[in-house]
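Novice: If you scroll down you'll find the structure; I have some questions about it.
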Amino acid sequence: MSLSRFFDNRNVLGLLFMLPAGALLIVFLTYPLGLGTWLGFTDTKIGRDGVWVGLDNYEFLFGDSVARLSLFNTLFYTVVASVIKFVLGLWLALLLNKNLPFKAFLRAIVLLPFIVPTALSAIAFWWLYDAQFSVLSWALVKMGLITTYVDFLGEPWLARLSTIAANVWRGVPFVAITLLAGLQTIPASLYEAASLDGATEWQRFWHVTLPMLTPIIAVVMTFSVLFTFTDFQLIYVLTRGGPLNATHLMATLSFQRAIPGGALGEGAALATAMVPFLLAAILFSYFGLQRRAWQQGASDK
């Protein structure tokens, strides 16, 4: 009888249902994060156990020009790509929210870049950017805009912008579809009231759409920043961090130092250094959710 009453408790049942997910998180998230943090404080190499060296790896990375360049690349890549994805995603969401012909088909088409495997997308862009066989360069030559083929991945700044373009193409659908879902939750009565007050289309967007969409924007852009900041596959397939380390992100440089380079401690320290930036993005999402709770009438706790 007491056992039956024990399992009838909603809190107990909730904990039991959460146990499998909790176990998976511990095995695949908590343990690797803890191990990586520990390795970052050691001089472990592949095939050799390390000893505790404290902050030596972090001091070395702070003075390493390539590591500092990877930090700049990561921040530049993340900020520029995220801003462009937000602008294009919001524009697409507003467009798809209108009464367009074949609206369902258009939404499915928009999702295609996001559901294609990242490695395949990277290979496609690698072909588009090829120095000798680029279809982009061919089209520009045929239109008379350029006279010679462009080496998109051979010049540092051009390579940075080319990788950002590939990331934007892949990430815009996620932003657009998520914001579209948020747009469809806004009551039509708000727009009707704004129209009766004489608000223009821009004023309706600025004073109705954007404030109501702000919590969704906070969440979707947090995920967008997380995905972009930790991007690995796209960069590794396209450039391997080249030319001249111009496209090395912290994730790709960490992998290069730890696995091909054999310096597990150094690579782990570089990967762990990404955590504060990721925590900042998560806090941004948290405050966005708090704002949403306030808008829904929940009391602050």
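With the first letter of the sequence shown counted as 1, position 3 gets the number 3 in the working numbering; the numbers rise by one all the way through. Glycine included, C-beta positions come from ideal geometry on N, C-alpha and C.
1. Quick test of your reading: serine 254 and glycine 267, contact by CB under 8 Å. State the CB separation rounded to the nearest angstrom.
2. In angstroms with no decimal places, state the Cα-to-Cα distance between glycine 242 and phenylalanine 17.
3. Rounded to whole angstroms, what's the CA-CA distance from serine 162 to valine 83? Just pull it up for me.
4. Which partner residues of lysine 45 appear in the DSSP bridge assignment?
5. Any chance the region 211-227 sits against the region 156-176, with 3 or more Cβ pairs inside 8 Å?
6. Using three-state DSSP, classify histidine 248 as helix, strand or coil.
7. So what does DSSP say about phenylalanine 102, is it helix, strand or coil?
8. Within 10 angstroms of the Cβ of phenylalanine 86, are there 16 or more other Cβ atoms? Answer buried if so, exposed if not.
9. Contact between the region 176-190 and the region 124-142: three or more CB pairs below 8 Å?
10. Check glycine 22 in the structure and name its three-state DSSP category.
11. Can you tell me the Cβ-Cβ gap for aspartate 231 and leucine 244, rounded? I've got them flagged as a contact below 8 Å.
12. What do you reckon, are the CB atoms on leucine 90 and valine 110 nearer than 8 Å?
13. For proline 260, which of helix, strand or coil comes out of DSSP?
14. Please classify valine 150: does DSSP put it in a helix, a strand, or coil?
15. Residue ranges of each alpha helix (DSSP H) run of no fewer than 4 residues wholly in the region 27-98, ordered along the chain?
16. Are three or more beta carbon pairs between the region 184-193 and the region 202-214 nearer than 8 Å?
17. Is DSSP giving methionine 221 helix, strand or coil here?
18. If you count every other CB in all the chains shown that lies within 10 Å of the CB of arginine 68, and 16 or more means buried, which is it?
19. Specify the secondary structure class of methionine 274 as computed by DSSP and reduced to three states.
20. Kindly list the residues whose CB is nearer than 8 Å to the CB of valine 141, restricted to its own chain and excluding five residues on each side of it in sequence; keep chain order.
21. Below 7 Å CB to CB, which residues in the same chain sit around threonine 239 once its five sequence neighbours on both sides are set aside?
22. From Arg170, Ile259 and Tyr286, pick the residue whose C-alpha is nearest to that of valine 219; which is it?
Specialist: Checking against the coordinates, here is how it stands:
1. Rounded, the Cβ-Cβ distance is 5 Å, consistent with contact.
2. Roughly 47 Å separates the two Cα atoms.
3. Whole-angstrom Cα-Cα distance: 16 Å.
4. Looking at the DSSP assignment, lysine 45 forms a beta bridge with Arg48.
5. Taking 8 Å as the limit for Cβ pairs, the verdict is that the region 156-176 does touch the region 211-227.
6. Coil at histidine 248, not helix or strand.
7. Under the three-state reduction of DSSP, phenylalanine 102 is assigned to coil, being neither helix nor strand.
8. So phenylalanine 86 counts as buried.
9. Contact between the region 176-190 and the region 124-142 is absent: fewer than three C-beta pairs spanning the two stretches fall below 8 Å.
10. Three-state DSSP puts glycine 22 in a helix.
11. Between leucine 244 and aspartate 231 the Cβ distance is about 19 Å, and since that is not below 8 Å, they are no contact.
12. In terms of Cβ geometry, leucine 90 and valine 110 do not form a close pair [threshold 8 Å].
13. Looking at proline 260 - three-state DSSP - the assignment turns out to be coil, as it is neither helix nor strand.
14. Coil.
15. Correct list: 31-40, 56-63 and 65-96.
16. The region 184-193 is in contact with the region 202-214.
17. The answer is helix: DSSP assigns methionine 221 an H, G or I state.
18. Its Cβ having fewer than 16 others within 10 Å, arginine 68 is exposed.
19. Of the three classes helix, strand and coil, the one that applies to methionine 274 here is coil, per DSSP.
20. Contacts found: Thr147, Thr148 and Tyr149.
21. Within the same chain, threonine 239 has close Cβ partners Leu153, Ala159, Thr163 and Thr247.
22. Among Arg170, Ile259 and Tyr286, the Cα nearest to that of valine 219 is on Tyr286.
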